[in-house]
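Participant: Before we start, here is the structure in question, set down as structure tokens.
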Amino acid sequence: MTSLAPMGPAASVGTTAWAGLCPPLRSPRPPERRPAGQGRLKTGFRHAAQGWRYPAVGKGAGAVRVLIVSWPWRTHFQPMVPLGWAFQAAGHEVRVASSPDLAESLTASGLTAVVAGPGDVLKTMYEQFTEEQVELVRMLEQLGSRDDFFFDFASATKEALTWDRLRLRTRYFTQILQGVNDAMVEELVDYCRWWKPDLVVWEWMSHAGAIVARATGAASARIRSEIDVDAWSRRAFLRLRKEQAPHRREDALADWLGGWAAKFGTSFSEEMVTGHFTIEHMLGSMRLDSDVPHLPLRYVSYHGPAVIAHWARSTPKKPRVLATFGISQKKGREYQAVSVRQLQQILDCLADLDIELVVTAPEKVRRNLSRIPSNAMLTEFVPLHAVVPTCSAVIHHGGIPAFMESIASGVPQLMVGRVVGDIDLRAPLLEAARGGLYIPRPHLCGQRVRECLVRLLEEPAFKEGAQRLRREQATQPAPSELVAELEKLTARYRAR
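Dropping the structure here:
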């Protein structure tokens, strides 16, 4: 028996600045206390030089009831689907839950869905941006660049991570979480008090799952595909909070989660923020060092039902380049990786390259383009797992599906813009591994995209780096290999 895997190796970005800021975040109900300075939970798997190995499922293991809870964006839900399949294939009962906005994606996965709360919760959240949230944004901007603040937690200097910045950011982000999660909680708790799940798996924005687990005594597993910046920021927040005078120890996240816990006859615990443990898709070489117990999990492709188009059924005659910016998945200008003007500029600058350029964009964007070059094809959607392996390079906004699919296929990638919260960490690590390049938003233009793409296509080092990342990803356990360990952790942590 060896210890639960550490969150590392530590990333090289910003770790020095955090060393004195973040003490260990202790699990609320650890079955075993770690020796001083080590602090990891005991589990039944071990790490080998060739990869991860898990023991077989023990005889007599009973069926586990698993609830998977998602934020109502399909790109948040789909990475969890293969784990749900693995549980179901192993004989366990699985339910997937979210708001009615996600019902079609839930049922399309082949898993049994539970919808809770009213529909259009995301639309309502966007429309009801409160005066308090506007004021919080103004206050954050006065403390520094709001944009930089939301993206720089783990790479920021110790001096920049002041109590006021973390306090206000926590309050702002908590209000965003409330807008969606509050609508689901009561119906989900009512359902789960009847259904009695043993394990609740919730993606990092879906704290309704954490509340359900706390209210019903289920084991709580948080799942994260990006670099786990939030655990770092929470540890920094807790450290600085202890240093404040009693009247300044505001904790909006704990107050919100604790309010729900009290309603259901229990109390707040940090497990409602990080879970009893966290399941991570991110490569080991790109994880931040942390004391939050974690399980590594290989990213397995699932992008919903799809039919492979005729053009994607054979080897391309020219180097195929996929450009996907996620525009159709987000609402609001600040979430768009490229504007229509920038997309037009990119198309114009790539027009004379001897490539087959495939661009995903919604109809409303395509209508506003003035020119589409002869080497480009625009489409609403492509199944990434079927198209990326045929590509010589992928251009994207840093979203996890395109990022992980490129790694799984050993394809060099170009990330652009700044719409995902871990981009300032992930991009330098990708470049250091020679798996791709990154263009920050201030430098994003068609000519820069062209220069970087030509490098990815012509310099062998990028293909070699992408292949190294592919091999590293392949050493992480597949969902089917993780189920046995999750059975044991469920038995350890559930309260009934």
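Sequential numbering of the sequence shown, starting at 1, is according to the UniProt record's numbering. The beta-carbon is built from N, C-alpha and C at its ideal position, and this holds for glycine as well.
Out of 226, 449 and 106, state which residue places its alpha-carbon closest to the alpha-carbon of residue 298.
Facilitator: 226
Participant: In whole angstroms, what separates the C-alpha of residue 494 from that of residue 407?
Facilitator: Rounded to whole angstroms, residue 494 to residue 407 spans 35 Å at the Cα level.
Participant: What first and last residue would you give for the beta strand (DSSP E) that runs through residue 95?
Facilitator: 93-98
Participant: So, is residue 447 buried or exposed, given that buried needs 16 or more other C-beta atoms within 10 angstroms?
Facilitator: Under this definition residue 447 is an exposed residue.
Participant: Around the Cβ of residue 170, are there at least 16 other Cβ atoms within 10 angstroms (buried) or fewer (exposed)?
Facilitator: buried
Participant: Assuming the contact rule is C-beta atoms closer than 8 Å, residue 428 and residue 281 should be a hit. Round their C-beta distance to whole Å, please.
Facilitator: At roughly 19 Å, the Cβ-Cβ gap does not stay under 8 Å, so residue 428 and residue 281 are not in contact.
Participant: Using the Cα positions of residue 273 and residue 351, report the straight-line distance between them to the nearest angstrom.
Facilitator: Between residue 273 and residue 351, the C-alpha separation is close to 48 Å.
Participant: With DSSP as the reference, label residue 299 as helix, strand or coil.
Facilitator: coil
Participant: According to DSSP, is residue 268 helix, strand or coil?
Facilitator: coil
Participant: Measuring only the C-alpha atoms, how far is residue 241 from residue 232?
Facilitator: 14 Å
Participant: With 16 as the cutoff for other CB atoms within 10 Å, does residue 244 come out buried or exposed?
Facilitator: Exposed: under 16 other Cβ atoms inside 10 Å.
Participant: In whole angstroms, what separates the C-alpha of residue 440 from that of residue 269?
Facilitator: Cα-Cα distance, rounded: 38 Å.
Participant: Could you tell me if residue 370 is buried or exposed, where buried requires 16 or more neighbouring beta carbons within 10 angstroms of its beta carbon?
Facilitator: exposed
Participant: Taking the alpha carbon of residue 434 as the point to measure from, which residue in 464, 452 and 256 has its own alpha carbon closest?
Facilitator: Residue 434 has its Cα closest to that of 464, out of 464, 452 and 256.
Participant: Rounded to the nearest angstrom, how far is the Cβ of residue 401 from that of residue 107, given a contact under 8 Å?
Facilitator: Going by Cβ atoms, the distance from residue 401 to residue 107 rounds to 20 Å, so no, they are not a contact pair.
Participant: Using the C-alpha atoms, what's the distance from residue 317 back to residue 372?
Facilitator: 20 Å
Participant: Among the residues of its own chain, which have a CB less than 7 Å from the CB of residue 399, if the five just before and after it don't count?
Facilitator: 75, 326 and 420
Participant: If we ignore side chains and look at the alpha-carbon of each, how far apart do residue 507 and residue 365 end up?
Facilitator: Only positions 1 to 496 of the chain appear in the structure, and residue 507 is not among them; the question remains open.
Participant: Among all the DSSP beta bridges, which residues are the ones paired with residue 220?
Facilitator: Residue 220 is bridged by DSSP to 200.
Participant: Secondary structure at residue 320, three-state DSSP: helix, strand or coil?
Facilitator: strand
Participant: Taking the alpha-carbon positions, what's the residue 488 to residue 278 distance?
Facilitator: 15 Å
Participant: Applying the 10 Å Cβ sphere with the 16-neighbour rule, what's the burial state of residue 368?
Facilitator: exposed
Participant: In terms of alpha-carbon separation, which member of 275, 355 and 120 lies closest to residue 213?
Facilitator: Check the Cα spacing between residue 213 and each of 275, 355 and 120: the tightest is with 275.
Participant: Which first and last residues belong to the alpha helix (DSSP H) in which residue 358 is found?
Facilitator: Premise fails: residue 358 lies in the beta strand (DSSP E), 356-360, not in any alpha helix (DSSP H).
Participant: Which whole-angstrom value is the C-beta distance of residue 343 and residue 382, which I expect to be below 8 Å?
Facilitator: That pair is no contact at about 16 Å.
Participant: Would you check if the distance between the CB atom of residue 384 and the CB atom of residue 405 is smaller than 8 Å?
Facilitator: yes
Participant: Quick check: the Cα distance between residue 512 and residue 167, rounded to an integer number of angstroms?
Facilitator: Summary: the structure shown does not reach residue 512, with the chain confined to residues 1 through 496, and so no result is reported for it.
Participant: Indicate the three-state DSSP secondary structure (helix, strand or coil) for residue 397 in the structure shown.
Facilitator: In the three-state scheme derived from DSSP, where H, G and I count as helix and E and B as strand, residue 397 is classed as coil.
Participant: What are the boundary residues of the alpha helix (DSSP H) that residue 280 is part of?
Facilitator: For residue 280, no alpha helix (DSSP H) encloses it; the enclosing beta strand (DSSP E) starts and ends at 277-280.
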